[in-house]
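Asker:
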Amino acid sequence: MAPHDLDRARLVALLDVERATYTRTHPRSAEQYARADHLFGRVPMTWMNMWSGGFPLYLDRARGNRVVDVDGQEYVDFAMGDTGAMAGHSPGATVEAVTARMRDLGGITTMLPTADAEWVGAELARRFGLPLWSFTLTATDANRWAIRIARLVTGRPKILTFAYCYHGSVDEAFAVPGPAGQAVAREGLVGAPVALSETTRVAEFNDLAGVEEQLRAGDVAAILTEPALTNIGIVLPEPGFLSGLRELATRYGALLMIDETHTFSAGPGGATALWDLQPDLFVIGKSIGGGIPSGAYGLTREVAAAAMSRDDADLVDVGGVGGTLAGSALSVTAMRATLEHVLTETAFERMVALAGDFTAGVQATLDRTGVPWTVQQLGARAEYRFAAPAPRTGSDSAAAADDELDEYLHLFMANRGVLITPFHNMALMCPDTSAADVALHTRLFEEAVTALTRPRT
Ligand code: PMP
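According to the working numbering, the sequence shown is numbered sequentially starting from 378.
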């Protein structure tokens, strides 16, 4: 049963029931949304309209893996702010450290370094292997600045990305292959500054021959990828794909740039440590500050030396690499506390084991009902997709999208006290997730799919 073979009438009927329940049980959220006349799209940031049900839940409070909305409903949170809260909501050690910085010492942002920055740099080096680090406030900025460094040191104009990748609001990364294999803008791209073919080359994930074809022109500064695509379902790398990328990058004089903003879920050193990826440039963001805006990019000594040796490059003023609040005392304090005390090796062990249970629970329902969907795990993260076998490229995975099914599953869960990431069918374990929370999801997933597939009486 492919998604299009589903009993659509049944799906729509079930969805109507879930929508009505959602509206009835969240009057305060609905009212606040209706009153938000001075917000573009009625929300603080337009993505917040991605939540299912016609209006987002309004947050009252959140701690650990629990969220409470303004209607007083409590949720087991598997969305974790789309990874921004992978350390749990308001983790104790992070809150203590930032409170001490803000209230006791003072100095949220001063453009002066603090000693914690070197600690964080050393810890990122220990975890991910790159020796030198610079800080940002978002993963988007880390990608943008690292891309500039890649162009500077290679003297080449283009970035090679993969179809349906996502690296933040980075202009280069919104490309899909056009009819002749050239980079064209993906559907819906807002206000591209120039044609994508001027800045970008694009290939399909898991297609080394396609990558090599793009590299042959000799104009690629960096191959930019996540170790597994995570923003179009989870598309795992096939054996040899990532080592092949490393090898091709070296052979064609391009840098390998790995974005671990989501795949950090793979383990304490991300997929880079787990699979020995050896990138030249590395990007991370979202989770490492425990929810306080933080990001970082790492460089090899070779890349750093090549950048520093360029007298014509302004790395300390308005050359395009830097941001006023980046590396602030607040952000660096948060990163230190989160890495030292929250996203520890022990925490990852538990989180990965729970994601294994989550995956097995979903798989059991897929096996029992025979729906041709797949579930993929990447460390502490798991995601189901409406295709079987699992898609091996971003384009294949994009073709398996089903908005009605997404909305049904999201609302079914939300109406019963579970949040799944709105952009995905993704679930992320945090240090506070329990076996009982996973069991709740397993039961609800079983019920949701059974309702969808039960023979008509
Ligand atoms: N890289 C990856 C892999 C991401 O998934 C995202 C956000 N989903 C980003 C970068 C950008 O993060 P931010 O929006 O915090 O800048």
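C-beta: ideal position from N, C-alpha, C; glycine also. All values derive from a computational prediction rather than experimental measurement.
1) With three or more C-beta pairs closer than 8 Å as the rule, is the region 654-664 touching the region 625-633?
2) By DSSP, does residue 417 sit in helix, in strand, or in coil?
3) Buried or exposed, going by whether 16 or more other CB atoms sit within 10 Å of the CB of residue 735?
4) Short of 7 Å in beta carbon distance, which residues of its chain neighbour residue 395, apart from the five on each side in sequence? Order them along the chain.
5) Under the criterion of a Cβ to heavy atom distance below 7 Å, does residue 607 qualify as lining ligand 1?
6) Roughly how many angstroms lie between the CA atoms of residue 712 and residue 666, to the nearest whole one?
7) Starting from residue 536, trace the beta strand (DSSP E) in both directions and tell me its first and last residue.
8) In this structure, what does DSSP give as the bridge partners for residue 451?
9) Less than 8 Å between the C-beta atoms of residue 671 and residue 482, yes or no?
10) The alpha helix (DSSP H) with residue 404 in it runs from where to where?
11) Quick check on this structure: which residue in 548, 584 and 719 has the alpha carbon closest to the alpha carbon of residue 568?
12) Would you call residue 675 buried or exposed, if buried means 16 or more other Cβ atoms sit within 10 Å of its Cβ?
13) So residue 695 and residue 748 are supposed to be a Cβ contact under 8 Å. How far apart are they, rounded?
14) For residue 649, report the span of its alpha helix (DSSP H) as first-last.
15) Got a sec? Which residues, its chain only, sit under 6 Å from residue 764 by beta carbon, not counting five neighbours each side?
16) Between the Cα of residue 821 and those of 794, 419, 805 and 664, spot the shortest distance and give me the residue it belongs to.
17) Could you tell me if residue 798 is buried or exposed, where buried requires 16 or more neighbouring beta carbons within 10 angstroms of its beta carbon?
18) Return the Cβ separation of residue 453 and residue 406 in integer angstroms, given the expectation that the two are a contact with Cβ distance under 8 Å.
19) I think residue 478 touches residue 706, with their Cβ atoms under 8 Å apart; what is that distance to the nearest whole Å?
20) Closer than 7 Å: is that where the CB of residue 548 sits relative to any heavy atom of ligand 1?
21) When DSSP labels each residue in this structure, what does residue 510 get in the three-state scheme?
22) Applying the 10 Å Cβ sphere with the 16-neighbour rule, what's the burial state of residue 436?
23) Measuring from the CB of residue 662, is there a heavy atom of ligand 1 at a distance below 7 Å?
24) Look at the Cβ atom of residue 423, then the Cβ atom of residue 702, and state whether they are nearer than 8 Å.
25) Measuring straight from C-alpha to C-alpha, what distance separates residue 490 and residue 498?
26) Taking 7 Å as the cut-off, is the beta-carbon of residue 603 closer than that to any non-hydrogen atom of ligand 1?
27) Could you check whether the Cβ of residue 718 sits closer than 7 Å to any heavy atom belonging to ligand 1?
28) Report, in whole angstroms, the separation of the C-beta atoms of residue 456 and residue 808, which I expect to be a contact under 8 Å.
29) I'd like to know whether the C-beta atoms of residue 571 and residue 537 end up nearer to each other than 8 Å.
30) Indicate, with yes or no, if ligand 1 has a heavy atom lying under 7 Å from the CB of residue 493.
31) DSSP on residue 835, reduced to helix/strand/coil?
32) Could you check how far apart the C-beta atoms of residue 752 and residue 740 are, in whole angstroms? I think they sit under 8 Å.
33) Starting from residue 473, trace the beta strand (DSSP E) both ways and give me its first and last residue.
Answerer: To lay it out plainly:
1) yes
2) Locating residue 417 in the sequence shown gives position 40, where the first residue counts as 1. The answer is helix: DSSP assigns residue 417 an H, G or I state.
3) The residue given as residue 735 occupies position 358 in the sequence shown. Buried, by the Cβ-count rule.
4) For the purposes of this step, residue 395 is taken as the residue at position 18 of the sequence shown. If we look at residue 395 and ignore the five residues flanking it on each side, its Cβ neighbours are 785, 788, 789 and 792.
5) Walking along the sequence shown from the start, residue 607 turns up at place 230. At least one heavy atom of ligand 1 is found less than 7 Å from the C-beta of residue 607.
6) Along the sequence shown, one-based indexing puts residue 712 at 335. Along the sequence shown, one-based indexing puts residue 666 at 289. Spanning the alpha carbons of residue 712 and residue 666 requires a straight line of approximately 4 Å.
7) Position 159 of the sequence shown, counted from the start, is the residue given in the question as residue 536. Residues 535-539.
8) For the purposes of this step, residue 451 is taken as residue 74 along the sequence shown, with counting starting at 1. Partner(s): 445.
9) Indexing the sequence shown from 1 puts residue 671 at position 294. Indexing the sequence shown from 1 puts residue 482 at position 105. In this structure, residue 482 does not lie closer than 8 Å to residue 671 by Cβ.
10) Here the question's residue 404 lines up with position 27 in the sequence shown. Unbroken alpha helix (DSSP H) run through residue 404: 404-412.
11) Translated into positions along the sequence shown, residue 568 becomes position 191. Nearest of 548, 584 and 719 to residue 568, Cα basis: 548.
12) Start at 1 with the first residue of the sequence shown, and residue 675 comes out as number 298. The residue is buried, with at least 16 neighbouring Cβ atoms inside 10 Å.
13) The residue labelled residue 695 in the question sits at position 318 within the sequence shown. The residue labelled residue 748 in the question sits at position 371 within the sequence shown. Residue 695 to residue 748, Cβ: 55 Å. No contact.
14) Locating residue 649 in the sequence shown gives position 272, where the first residue counts as 1. First-last of the alpha helix (DSSP H) with residue 649: 647-651.
15) Translated into positions along the sequence shown, residue 764 becomes position 387. In chain order, 777 place their CB closer than 6 Å to the CB of residue 764, counting only its own chain and leaving out the 5 sequence neighbours on each side.
16) Translated into the one-based positions of the sequence shown, residue 821 becomes position 444. Residue 794 is the option with its Cα nearest to residue 821.
17) Against the sequence shown, residue 798 aligns to sequence position 421. Answer is buried; the Cβ neighbour count reaches 16.
18) For this step, residue 453 is matched to residue 76 along the sequence shown. For this step, residue 406 is matched to residue 29 along the sequence shown. The Cβ separation is near 18 Å, so there is no contact.
19) Reading the sequence shown from its first residue, position 101 is the one you call residue 478. Reading the sequence shown from its first residue, position 329 is the one you call residue 706. Yes, they are in contact, since the Cβ atoms of residue 478 and residue 706 sit about 6 Å apart, within 8 Å.
20) Within the sequence shown, residue 548 is the residue found at index 171, counting from 1. Result no, Cβ not under 7 Å from ligand 1.
21) Position 133 of the sequence shown, counting from 1, holds the residue named residue 510. Correct three-state label for residue 510: strand.
22) Position 59 of the sequence shown, counted from the first residue, corresponds to residue 436. Flag for residue 436 reads exposed.
23) Counted from its first residue, the sequence shown places residue 662 at position 285. Under cutoff, so the answer is yes.
24) Here the question's residue 423 lines up with position 46 in the sequence shown. Here the question's residue 702 lines up with position 325 in the sequence shown. Not closer than 8 Å, so no.
25) Position 113 of the sequence shown, counted from the first residue, corresponds to residue 490. Position 121 of the sequence shown, counted from the first residue, corresponds to residue 498. Cα to Cα, the separation comes out at about 13 Å.
26) Taking the sequence shown and counting its residues from 1, the one referred to as residue 603 is at position 226. In this structure, ligand 1 has a non-hydrogen atom nearer than 7 Å to the beta-carbon of residue 603.
27) Within the sequence shown, the letter at position 341 stands for residue 718. Result no, Cβ not under 7 Å from ligand 1.
28) Reading the sequence shown from its first residue, position 79 is the one you call residue 456. Reading the sequence shown from its first residue, position 431 is the one you call residue 808. Actually they are not in contact, since the Cβ atoms of residue 456 and residue 808 sit about 16 Å apart, beyond 8 Å.
29) Taking the sequence shown and counting its residues from 1, one reaches residue 571 at position 194. Taking the sequence shown and counting its residues from 1, one reaches residue 537 at position 160. Not a contact, by the Cβ cut-off of 8 Å.
30) For the purposes of this step, residue 493 is taken as the residue at position 116 of the sequence shown. Residue 493: no, Cβ never under 7 Å from ligand 1.
31) Given a span of 378 to 834 for the chain in the structure shown, any question on residue 835 remains unanswerable.
32) Here residue 752 is taken as the residue at index 375 of the sequence shown, counted from 1. Here residue 740 is taken as the residue at index 363 of the sequence shown, counted from 1. Confirmed, about 6 Å.
33) The count along the sequence shown starts at 1 and reaches residue 473 at position 96. Per DSSP, residue 473 belongs to no beta strand (DSSP E); it is in the alpha helix (DSSP H), 469-476.
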